[in-house]
Amino acid sequence: MLNIKNKIENKFIGLFIANILATSLSSTVLAADITAGTILSKDNIDQLKSQTFDGHKVSDLLTEKMEMMIRDYNLKLKLAPNSKVTLNSNWYEADKKYGGSAILDANTHMVSSYQGGVPFHNVSESDPNAGWKLAWNHYYSNPVIGDTWAADAEVFITEPDNGVIDNFGAANARMRNKGRINGEPSTGKDNDHSRYLLVLSKPYDVAGLGVFNKQYSDGKVDDGWVYLKSIRRSRRTAGGKSWMDPQPKMDLLNDDNQGSLGMPAWFPNWQLLEKRWILAVVDAHDPNAAFNIEDTLEMASPYWNPNSATQQWSPREVWVVKGTMPEEHPYGHKILYMDTQFPTYYMTENYDKKGDFWRLWRQSYVQTKEGVNDELYFVNTQAIDFQRQRATYISITYMTNNVVTEDFFKPSALKKAAAGKLSKQFIH
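Residue 83 is where the sequence shown starts when you use the working numbering, and the numbers rise one by one after that.
Pasting the structure below:
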């Protein structure tokens, strides 16, 4: 009888284990990777958050603010697998030859002994100065900005209830004197970091409105110029704080350009918060190809969401860095998301002095070629002011890297913009 009882018990135990295994296998099937091309939206976010995409749990790929935008502002994200990003071969060569040579002063947080490439290699999460090093890496070696870089753009201002309320043209350009990837890694004086231009180019009544800055890497404040339409002349201005001024007619600051424009040592603190994965756009359309706003933006309230049919979001590993702003800066702090493979920001969250969320800045990128070289171009920029409930959408219509000559980078560029002569024809 005991043997029969044992056999019966063993049979039930076997069935019980088999049922558990079947349930587990069934759950594994249900938890399989979401198919590429799936659109994550407010209608399916609760269903998909616990599932995985490209080997990552969807909930782990969503920042708090991105989930808020999906749920509250109808953002839709078309999912695409992570792909390798290939940069200009000269950028890799410069980093191989010169990178990792910088020294960070623990007290002043200034950098010395920088020659070229990425200043700091092998940044560790356990390093108390990791945030500072990442900020300097971006300042000197963001691969999206070549030795010389220029872009024309159409700018659209939108509101949730009114759609597009303004449209104008803008030109943005930069020349880097330190950290160059073609020829010698540094030109001019040792403290001569870069030239920066942001100017409106149309319509006529706003053309010329903008700023031309000379930036330095020794702590010296920027030199700045503006164009005065009334006398048709460029005039020098106090450039010391222009890097944190609002961009003309837009919902972002000069300091939001490429995520952060100011010299890192001007900030009270840079803190590395974590390393994680997020969703970002690295495979958008060619910025030099014809594109309508309807192709890139959803033409429905709130009129600032990317068109889910034309932009794909891929998992990217990022450093999450907190930058604390100087007292005179409009922001209190910003949270920045930088790719761990190269010092480029995908997104920043900007907070006011009270610590309340104010604005979100993000960029979409694409891999393309400039001549024979691979390049990483940015395609468009979004700046959403959640407190004001309006947004700026900057759509690149022409962009070039390492082509524009040094003669372009003068204060006279402001006057040329005012005269309608700043275009891709003029740039070439």
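Every residue, glycine too, gets a C-beta built ideally from N, C-alpha and C.
On a predicted model such as this, the values are computed, not experimentally measured, just so you know.
Three-state class that DSSP yields for residue i in the structure shown
i: Trp348; result: helix
i: Trp218; result: helix
i: Ser494; result: helix
i: Lys147; result: helix
i: Ala232; result: strand
i: Trp395; result: strand
i: Ile227; result: coil
i: Ile116; result: coil
i: Ala212; result: helix
i: Gln464; result: strand
i: Arg256; result: strand
i: Arg472; result: strand
i: Lys503; result: coil
i: Tyr385; result: coil
i: Leu157; result: coil
i: Val193; result: strand
i: Ile127; result: helix
Residue i vs residue j beta-carbon contact at 8 Å
i: Ser132; j: Ser141; result: yes
i: Asp305; j: Asn484; result: no
i: Thr378; j: Asn389; result: yes
i: Val226; j: Phe460; result: yes
i: Tyr433; j: Lys416; result: yes
i: Val281; j: Ala253; result: yes
i: Ala465; j: Asp337; result: no
i: Phe250; j: Lys311; result: no
i: Pro412; j: Leu335; result: yes
i: Asp365; j: Ser171; result: no
i: Asn264; j: Tyr278; result: no
i: Thr422; j: Trp401; result: yes
i: Leu473; j: Thr240; result: Before going on, a small fix: residue 473 reads as Ala here, not Leu. Taking 8 Å as the Cβ cut-off, Ala473 and Thr240 qualify as a contacting pair.
Delimiting residues of the alpha helix (DSSP H) encompassing residue i
i: Asn172; result: 171 to 180
i: Leu291; result: Unbroken run through Leu291: none, as it is neither H nor E.
Heavy atom of the ligand PLP within 7 Å of residue i beta-carbon
i: Met326; result: You won't find the ligand PLP in this model; it holds no ligand whatsoever.
The beta strand (DSSP E) enclosing residue i, as first and last residue numbers
i: Gln449; result: 439 to 452
i: Asp511; result: Since the first residue shown for the chain is 83 and the last is 510, residue 511 is missing from the structure and cannot be characterised.
C-beta neighbour in chain D for residue i, strict 8 Å
i: Glu146; result: In the structure shown, chain D cannot be found, because there is only a single protein chain.
For residue i, the residue or residues it bridges with in DSSP
i: Asp456; result: Lys451
i: Thr426; result: According to DSSP, Thr426 bridges with nothing at all.
i: Ile417; result: Lys404, Glu431
i: Asp248; result: Ile239
i: Thr482; result: Ala232
i: Ile185; result: Ser194
i: Ile121; result: Lys160
request  = Any chance you could list the beta strand (DSSP E) runs of at least 3 consecutive residues sitting entirely within the stretch 293 to 323, in chain order?
outcome  = 305 to 310, 315 to 319
task = Any chance you could list the alpha helix (DSSP H) runs of at least 4 consecutive residues sitting entirely within the stretch 326 to 380, in chain order?
result = 375 to 378
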